[in-house]
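Residue 83 in UniProt numbering sits at position 83 of the sequence shown; the count goes up by one each step and never skips.
Here's the structure, in structure tokens; my notes come after.
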Amino acid sequence: MVLLLDLDYWLLEIESREEDKPVMANEQEKNLIEILEENHPIDINKYTNYVHSPKCGAIATFFGNTRDTFDGKTVVELRYEAYVPMAIRCLNSICSSARSLWDLNAIAVAHRLGPVSVGETSVFVAISSVHRVDALDACKFVIDELKASVPIWKKEVYSNGEVWKENMEFLERRQEVGKDLKRVCCKPKVKVEEEAAVAAPVKNGCCRPKVKVVEEEDEGGCVES
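Below, the structure written as structure tokens:
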């Protein structure tokens, strides 16, 4: 089995510099994106104030909080890790896509890393617009795309164990890409990997999945997702 990271991740690894920071403010489009370091709670007022404008009649927000149970298990906390430079880049792409679909004023997205206790907020999205429909639809789009494609990973810590969890949105996105990879058959492995990373389309998404997995059968055989 070959674990194939998205081509964008590899490119960013080469392009990244020491000055890369987990904060991105795009004043031209009025976007504020922050990946917060461990033990830094999300300042809700900061982000709602950022998107507030007298010309806007609506601010839509989303809070993602740690709940106390999952499938009958007692949850102690969630722990998040991220590939920060790529996460910032992908969130900017998501915001640009949202602006191309709806008439938006300002967007703020914040995500915590490290442990997040029960009842605390791990991710927050705030979007302002003249009319509420734009802000509401865009807010759902941004959080759904974040869960499906941004390289942020979650571990659920229970009272009797812990497990890394995949988001449902990510699993659905991976299945879409898998269908495209199955069409690629009987080609050299290296070529298949390159083509899959560049050409695999993602419906209704601005970023590719977090990872892609391909399996190779006997040498010279078909390649499947």
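We put the beta carbon where it would ideally sit given N, CA and C, even for glycine.
DSSP places S117 within a strand segment (E or B) once states are collapsed to three. K154 and T69 have their C-alpha atoms some 15 angstroms from each other. DSSP, read as helix, strand or coil, puts V150 in coil.
DSSP, reduced to helix, strand and coil, places S53 outside both helices and strands of the structure shown, so it counts as coil. The secondary-structure analysis by DSSP pairs F70 across a beta bridge with K73. When the beta-carbon positions are compared, N49 and E120 stay at least 8 angstroms from each other.
A distance below 6 angstroms between beta-carbons, with the five flanking residues on each side excluded, links N31 to the following residues of its chain, in chain order: C95, I107.
A distance of 8 angstroms or more separates the beta carbons of Y80 and I33. Between V116 and V142, the beta carbon gap of about 19 angstroms keeps them out of contact (Cβ cut-off 8 angstroms). Nearest to V125 by alpha-carbon distance, out of A98, Y47, Y83, D137, is Y47.
Setting aside the 5 residues that flank it on each side, K73 is surrounded in the same chain by Y158, each with a C-beta closer than 6 angstroms to its C-beta; the list follows chain order. The secondary-structure analysis by DSSP pairs K155 across a beta bridge with R79, W164.
Looking from the CA of E145, the closest CA among N39, D43, S97, V130 belongs to S97. Apart from the 5 residues on each side of it in sequence, C56 sits with its Cβ closer than 7 angstroms to the Cβ of N105, S128, S129, V130 in its chain, given in chain order. Under the DSSP definition of a beta bridge, H40 lacks any partner.
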